[in-house]
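Enquirer: Here's a structure for you.
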Amino acid sequence: MRKLTQKMTRAWLLTLTVSLFAGFGVSNAQEEATTDPPIAQTPAVPEEVDETKAGYEELIAGQGDTAYAFDFFTTSMLWTVIAAAMVFIMHLGFATLEAGLTQKKNTVNILFKNVWIISVGLLTYALTGFNTHYPGEFNGFFSIGGPIGDLNADGGGTFGYGGVSLAMTGYGDFIFQAMFAATAATIVSGAVAERIKLGFFMIYSTLLVALGYTIAGSWHWGGGFLAQLETPFKDFAGSTVVHGFGGAAALAAVIVLGPRAGKYTSSGVKPILGHSMPLAAIGVFLLFFGWFGFNGGSVLSAAPGPLGLVFTTTALAAAAGCVASIIVSIIVLKKPDLSMALNGLLAGLVSITAGADVVGPWGAVIMGAVGGAIVVFSILFFDKIRMDDPVGAISVHGVCGIWGTIALVFFTTEEAGTFSLMSQLIGVGAVYIFAFVVSLVLCIVGKITFGIRVSDEEEAEGLDIAEHGAPAYAD
Amino acid sequence: MRKLTQKMTRAWLLTLTVSLFAGFGVSNAQEEATTDPPIAQTPAVPEEVDETKAGYEELIAGQGDTAYAFDFFTTSMLWTVIAAAMVFIMHLGFATLEAGLTQKKNTVNILFKNVWIISVGLLTYALTGFNTHYPGEFNGFFSIGGPIGDLNADGGGTFGYGGVSLAMTGYGDFIFQAMFAATAATIVSGAVAERIKLGFFMIYSTLLVALGYTIAGSWHWGGGFLAQLETPFKDFAGSTVVHGFGGAAALAAVIVLGPRAGKYTSSGVKPILGHSMPLAAIGVFLLFFGWFGFNGGSVLSAAPGPLGLVFTTTALAAAAGCVASIIVSIIVLKKPDLSMALNGLLAGLVSITAGADVVGPWGAVIMGAVGGAIVVFSILFFDKIRMDDPVGAISVHGVCGIWGTIALVFFTTEEAGTFSLMSQLIGVGAVYIFAFVVSLVLCIVGKITFGIRVSDEEEAEGLDIAEHGAPAYAD
Amino acid sequence: MRKLTQKMTRAWLLTLTVSLFAGFGVSNAQEEATTDPPIAQTPAVPEEVDETKAGYEELIAGQGDTAYAFDFFTTSMLWTVIAAAMVFIMHLGFATLEAGLTQKKNTVNILFKNVWIISVGLLTYALTGFNTHYPGEFNGFFSIGGPIGDLNADGGGTFGYGGVSLAMTGYGDFIFQAMFAATAATIVSGAVAERIKLGFFMIYSTLLVALGYTIAGSWHWGGGFLAQLETPFKDFAGSTVVHGFGGAAALAAVIVLGPRAGKYTSSGVKPILGHSMPLAAIGVFLLFFGWFGFNGGSVLSAAPGPLGLVFTTTALAAAAGCVASIIVSIIVLKKPDLSMALNGLLAGLVSITAGADVVGPWGAVIMGAVGGAIVVFSILFFDKIRMDDPVGAISVHGVCGIWGTIALVFFTTEEAGTFSLMSQLIGVGAVYIFAFVVSLVLCIVGKITFGIRVSDEEEAEGLDIAEHGAPAYAD
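Protein chains in written order, with my numbering: chain H, 5 to 479; chain U, 5 to 479; chain X, 5 to 479.
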């Protein structure tokens, strides 16, 4: 069995390698100007002021007609790349959260999956994702793009690339969005943990990120049909497009995969405890930290008014989600449950992500608090219907994604304008159904062909030894 | 006993919820303009340059009379929110440090307390903290403010909000300060770990953050009596106002609470080892990282000269504190003690926090080194007088806070001007006594009414099982 | 034996202390203007707009002739200090990676070494490093500088300090470079883990950082002979100067030190498993995060075009290194090995560091992928020749450093210009040989005098108890 997985994995990895090199062939032709304007490196001694002035004028000149706003653009672009780094660290947050909430014997497997996801996510986003996500020519529904070329060429390194409403360079746009791309697969990773076959998950996550997420994203952020509705679908940083997508895909995968052995017995639900709550807490704090980049970076410039608002609504919604889930878990579960508090905090974050720029601080508090309450009941509900989601990903991302996307219609401030409940429902419906179907098809095809679940013996032994031949903890 | 705690907690949480909604009612009326100026979201295709120019001019126009400095303001505001995120991550640092230096059986409890503190800290700072901290109308001593409204309204989203010396928007000001607010309670959390009753700590920390800290802060940063002294009290980023406040409050709590069972025996002090030094080290590194935001953000703009200086003095003081505590611990304890090295590093950071912008690099080295030496003796001293502080918080924050606040008088550079020893002593005296008294009163009231300490059986069993019904580590 | 170590350590620490104070004496005379221009602190109430304007004009005025670019400079300087903080967090990455990949019984020792390295690295960089690294008067080969003074004085706090190609203040330059300085010693730390004597390592790392690294760096970044070659040596952020230096020094240390007991037996290589893969994964993710500051900060300004490119090439090379090492390890080792995936990711990062600003995205993918493949074979090779490197540091930093430095000649884009293979080989040769020899001499002198390796009993017991008297994990 293990040999089969290896064979599959190997065959497929070779395919990936070939595609990468093929992709390189295509894009190579497009590569011309790289750093525009060229910047001299590391002078030991300060240059003369005159030369300095010339250098600055050269920088400005590189901005063509848009030099008037060069400094605003520079600041905004700086924020974009810092935000990208912050979103990157969310992947460590997801990795440690998932590892902490599952069993010791599957830890290497979980870390491996997460290292894989971010790496292959970045590569495939360069290969096909970016140009699928933001197609130049677009029919509104489906369009697979090719590899990126030199994004600094043809004015891509200047303010003219996106202006005041997308104040970044082409590479800034790419790297920020690339960091988002892997998130959908990461969310699924948590829900299918402790029993999915590694080889299948590597293929599944690659396809989900490379094609599924980018197509759904193109409907909204790529100017597709959701952006073309009479009142366009509103999803600021991705409650639906990112988190909802991941949650709906996770649900389909969990349905096909089935629960972990021993979770649902004739005498009821048997909790399988996470092996390290410090890892889980580290994960949630890092996710909270990274979310400032996720939402804050989605302002798409450093415009001070929106930036301060988005940081504030994001923080307050997280805090309210946490406090609400603590209150609800004390009432319902009769104890202050740490994993509920952690999931409540994340629920608050997912709930505000669609509307972080259009609600006020107290709107954010209510949206987050309701999300934090919902998540407790949702987790209990999915256990009741025997959908085994070890980390609560379907509830946190899927269920609260719906809540956040719809709630903004009611909590938006007067100044921010009005949104259409119908458009929001259409957006949620389209993205969730698409994500569910794509994931379902991938899982069913996988199940029929090589199988998607490890054997009972491997599950009992733990995936670390069964799949990787090494434990996570030695002496 | 556990049931009582739950009842208390539940009752009080309902009160909190009610107040939050009440707060919402009040503030709702104030909510008008939210994002000023409105920024269009995520265009797929770059706009025309002309439109872009119009957009930029609209942004500038939103700054009224202050458009001449829009770009400086934008950069400064960006730094403010990034610094806020860095201060946020200090809360993960505190959580892992505290968890690492205590016993395995209390880890869930410690993580829970820390997730609670940051969440409720953010909410109460929005509810009453911000307007208590920076009162509009002020008698110089006490004033409880109401909830925040729309901080972008009435020019709050422009350079006019604070000018060059507070170059941020209203929301920027709020979120940066809100991240500081919970710090005081976090410091206490470490000192009272492993025996305090969860329900009481949840109430205690809320009140300490919502009222105690914000009132003391208003004396200095809110333009209160410490800012009105002939030579105003100088405390750059809060050696006294934040760290000293927390340390003094911790001392009062430890006095009322008493030491952990078995720590002080007839045959001397029995060390209770921390259960994970990697967690402790992660905590200290994250605190060091976050401190760049704590001190650097306190420049309150991105003014390049002060910013570089503050980063440098902060880093050098931390390094000197660490090296000094290593030297002292080798001499005094006859071994290179890791927990002393970690606490020495933090001691260096606390020692520079009051004067990071007014001393030179070598002044910072000496201030940090002395702090690092002090902390070793202080920790030994508190153990000698049987004040049980599992993580050394009273020494690191309380004792070094005094040192840092006073030392700046002697190490300030000529250019930075002179400070008054008397003003510094008045500031330290006022804040420490106030913090001590508030904490003492809260603890005594708590002790008389519901009790503040878990039972001997619960302490022996560990708070994870006793209070939360779940261990931190399973298989 | 242990007593001897303590005596040594103590004697040497006193020397360090004395030097620090001596350094202070020297520099004190130089300390004059500290914050230029002076910024008022924390006003409670917004000032009048007129005052604000005056304040801004004062800030601009402080920039002398260069006020035209004040805002660009402010943004660039902000990026410099944020990048410094990101490079700082790499030291936590190194600490947790090294701890995770080694045995439980040596964890305190590893954390202690890493806290020591960053602290003493910062101090010695202020004492002699900065002015050795960037000498004013320079013969091209060797020059030891004195302590830093007030770096804001004499226009050091203005754009005139470095102009558009080094758009930061003097303190900005210092703190960013200081964070790099300790890296070389950190790399060695991993390779010599689990058997080196603490006292010796403390001295060794101090000297390596204070003198070795800064001298080698001065050849390239200080305007020394490598910068004076006809086609100057190209090493953007330090594949050779930082990582190669560390790797070569590590090799020399491992040769003198010998392998860990029981690693190489008559029946072959016995793997010694790391005690915590979550710690190792946390380390690699933090290193990836920090590398955005390491490479991105090396742009030395916030120039948008180069910044976006560098973030993109850095991320893609890391991803490609990870995926390539996974493919190779599945083929060669017949399993998907997590530690290889982690080292492959780092290998990709080291491989792009020399040329991150002059290659395109697909050039970066190939450079990273080859690095990721190399590292697997290199680790196996060093085990074959019985060079025991517990974390693979020689392969990751030393071997991939060579690859990255040379490969850029072939992958550079047309726009970025051409580089000389000969210059690259001279640079690699000079730095690697110098690092190797310095490290070899230090280790041989150490071995002859006090000994550099713990006793067999201490190694078997673990360094935590033997050297520090405390375990990393208690109950």
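Ideal placement from N, C-alpha and C gives every residue a C-beta, glycine not left out. Here the structure is a predicted model, which means the values were calculated and not measured.
Taking 7 angstroms as the cut-off, decide whether the C-beta atoms of residue 197 (chain X) and residue 475 (chain X) are in contact.
Expert: For residue 197 (chain X) and residue 475 (chain X), no; Cβs fall outside 7 angstroms.
Enquirer: In its own chain, which residues sit with a C-beta less than 7 angstroms from the C-beta of residue 28 (chain H), not counting the 5 before and 5 after it?
Expert: Confidence is the limiting factor: at residue 28 (chain H) the pLDDT is only 39, short of 50, which leaves the residue's position unreliable and the question unanswerable from this model.
Enquirer: With contact counted as at least three CB pairs below 8 angstroms, one residue from each stretch, are the stretch 462-476 of chain H and the stretch 94-111 of chain H in contact?
Expert: The stretch 462-476 of chain H, when compared against the stretch 94-111 of chain H, does touch it at the 8 angstroms Cβ threshold.
Enquirer: Indicate whether at least one CB of chain H lies closer than 7 angstroms to the CB of residue 436 (chain U).
Expert: False, the Cβ-Cβ gap to chain H never drops below 7 angstroms.
Enquirer: On the premise that residue 370 (chain X) lies in contact with residue 348 (chain X), defined as a C-beta separation below 8 angstroms, what is that separation, rounded to the nearest angstrom?
Expert: Actually they are not in contact, since the Cβ atoms of residue 348 (chain X) and residue 370 (chain X) sit about 14 angstroms apart, beyond 8 angstroms.
Enquirer: Any contact of the stretch 154-164 of chain H with the stretch 52-69 of chain H, i.e. 3+ C-beta pairs under 8 angstroms?
Expert: Touching, yes, given that three or more Cβ pairs across the two stretches are closer than 8 angstroms.
Enquirer: Enumerate in chain order the residues of its own chain whose CB-to-CB distance from residue 434 (chain X) is below 7 angstroms, with the five nearest sequence positions on each side excluded.
Expert: If we look at residue 434 (chain X) and ignore the five residues flanking it on each side, its Cβ neighbours are 223, 230.
Enquirer: Below 6 angstroms, is the gap between the Cβ of residue 349 (chain U) and the nearest heavy atom of the ligand ADP?
Expert: The ligand content of the structure shown is nil, which means the ligand ADP is not present either.
Enquirer: If you check the beta carbons only, do residue 379 (chain H) and residue 363 (chain H) fall under 7 angstroms apart?
Expert: No; because the gap between Cβ atoms is not below 7 angstroms, this pair is not in contact.
Enquirer: Any Cβ of chain H within less than 7 angstroms of the Cβ of residue 116 (chain U)?
Expert: True, the Cβ-Cβ gap to chain H drops below 7 angstroms.
Enquirer: Could you check whether the stretch 333-340 of chain U touches the stretch 310-320 of chain U, counting it as contact only if at least three pairs of C-beta atoms, one from each stretch, sit closer than 8 angstroms?
Expert: Not touching, per the Cβ criterion.
Enquirer: Does the Cβ of residue 373 (chain H) have 16 or more other Cβ atoms within 10 Å, making it buried, or fewer, making it exposed?
Expert: With 16 or more other Cβ atoms within 10 Å, it is buried.
Enquirer: What does residue 472 (chain U) touch in chain H if you count any residue whose Cβ is under 9 angstroms from its own?
Expert: Per Cβ cutoff of 9 angstroms: 339, 340, 341, 342.
Enquirer: At which residues does the alpha helix (DSSP H) containing residue 253 (chain X) begin and terminate?
Expert: Note, residue 253 (chain X): alpha helix (DSSP H), 249-261.
Enquirer: Say whether chain U places a C-beta atom closer than 7 angstroms to the C-beta of residue 326 (chain H).
Expert: It does: the Cβ of residue 326 (chain H) has a partner Cβ on chain U nearer than 7 angstroms.
Enquirer: Hey, is residue 96 (chain H)'s beta-carbon within less than 7 angstroms of any beta-carbon in chain U?
Expert: It does not; no Cβ of chain U falls within 7 angstroms.
Enquirer: In chain order, what residues of the same chain have a beta carbon less than 6 angstroms from the beta carbon of residue 440 (chain X), not counting five sequence neighbours either side?
Expert: Closer than 6 angstroms at the Cβ level, and outside the excluded window around residue 440 (chain X), lie 252, 256.
Enquirer: Give me, in chain order, the residues of the same chain whose beta-carbon lies closer than 6 angstroms to that of residue 265 (chain U); leave out the 5 immediate sequence neighbours on both sides.
Expert: Hits under 6 angstroms: 463.
Enquirer: Just how far apart, CA to CA, sit residue 263 (chain H) and residue 100 (chain H)?
Expert: For residue 263 (chain H) and residue 100 (chain H), the distance between alpha carbons rounds to 22 angstroms.
Enquirer: Can you give me the C-alpha to C-alpha distance between residue 250 (chain X) and residue 241 (chain U), rounded to a whole angstrom?
Expert: Straight-line Cα distance between these residues: approximately 37 angstroms.
Enquirer: Pick helix, strand or coil for residue 416 (chain H), following the three-state DSSP scheme.
Expert: DSSP places residue 416 (chain H) in strand when its eight states are reduced to three.
Enquirer: Starting from the beta carbon of residue 127 (chain H), find every residue of chain X whose beta carbon is closer than 8 angstroms, and list them in chain order.
Expert: The answer, in chain order, is 320, 323, 324, 327, 369.
Enquirer: Note down, in chain order, each residue of its chain lying with its Cβ closer than 7 angstroms to the Cβ of residue 31 (chain X), except the 5 sequence neighbours on either side.
Expert: Its pLDDT being 34, under 50, residue 31 (chain X) is placed unreliably by the model, and the measurement read from it follows with that caveat. Excluding sequence neighbours, residue 31 (chain X) sits near 151, 152, 153.
Enquirer: State the DSSP-derived secondary structure class of residue 363 (chain U), mapped to helix, strand or coil.
Expert: Strand, per DSSP.
Enquirer: Could you compute how far the alpha carbon of residue 277 (chain H) sits from the alpha carbon of residue 259 (chain H)?
Expert: If I take the Cα positions, the gap works out to 22 angstroms.
Enquirer: Below 8 angstroms between beta carbons is the criterion; list the residues of the stretch 260-291 of chain U that meet it against any residue of chain H, in chain order.
Expert: The residues in question are 280, 283, 286.
Enquirer: Can you find the residues in the same chain that come closer than 6 angstroms, C-beta to C-beta, to residue 92 (chain X), ignoring five residues on each side of it along the sequence?
Expert: Answer for residue 92 (chain X): 183, listed in chain order.
Enquirer: Any beta carbon of chain U sitting closer than 7 angstroms to that of residue 479 (chain X)?
Expert: Chain U, which has a Cβ nearer than 7 angstroms to the Cβ of residue 479 (chain X), makes this yes.
Enquirer: Taking Cβ positions, are residue 321 (chain X) and residue 343 (chain X) nearer each other than 7 angstroms?
Expert: The answer is no: Cβ separation not under 7 angstroms.
Enquirer: If we call anything under 7 angstroms between Cβ atoms a contact, is residue 3 (chain U) one with residue 136 (chain U)?
Expert: Given that chain U is displayed from residue 5 to residue 479, the structure contains no residue 3 (chain U) and the question cannot be resolved.
Enquirer: Under three-state DSSP, which class holds residue 152 (chain X)?
Expert: Residue 152 (chain X) falls in the coil class under three-state DSSP.
Enquirer: Using a Cβ-Cβ distance under 7 angstroms, would residue 208 (chain H) count as near chain X?
Expert: Residue 208 (chain H) does not count as touching chain X.
Enquirer: What residues of chain H sit near residue 81 (chain U), judged by a beta carbon separation below 8 angstroms?
Expert: Simply 306, 308, 311, 312.
Enquirer: By how many angstroms is the C-alpha of residue 272 (chain H) removed from the C-alpha of residue 118 (chain X)?
Expert: Cα-Cα distance, rounded: 49 angstroms.
Enquirer: My understanding is that residue 261 (chain U) touches residue 200 (chain U), with C-beta atoms under 8 angstroms, so please give their C-beta distance in whole angstroms.
Expert: With a Cβ gap of about 6 angstroms, residue 261 (chain U) and residue 200 (chain U) count as contacting.
Enquirer: Relative to the C-alpha of residue 191 (chain X), which residue among X:213, X:303, X:388, X:176 is closest?
Expert: The residue with the shortest Cα to Cα distance from residue 191 (chain X) is X:213.
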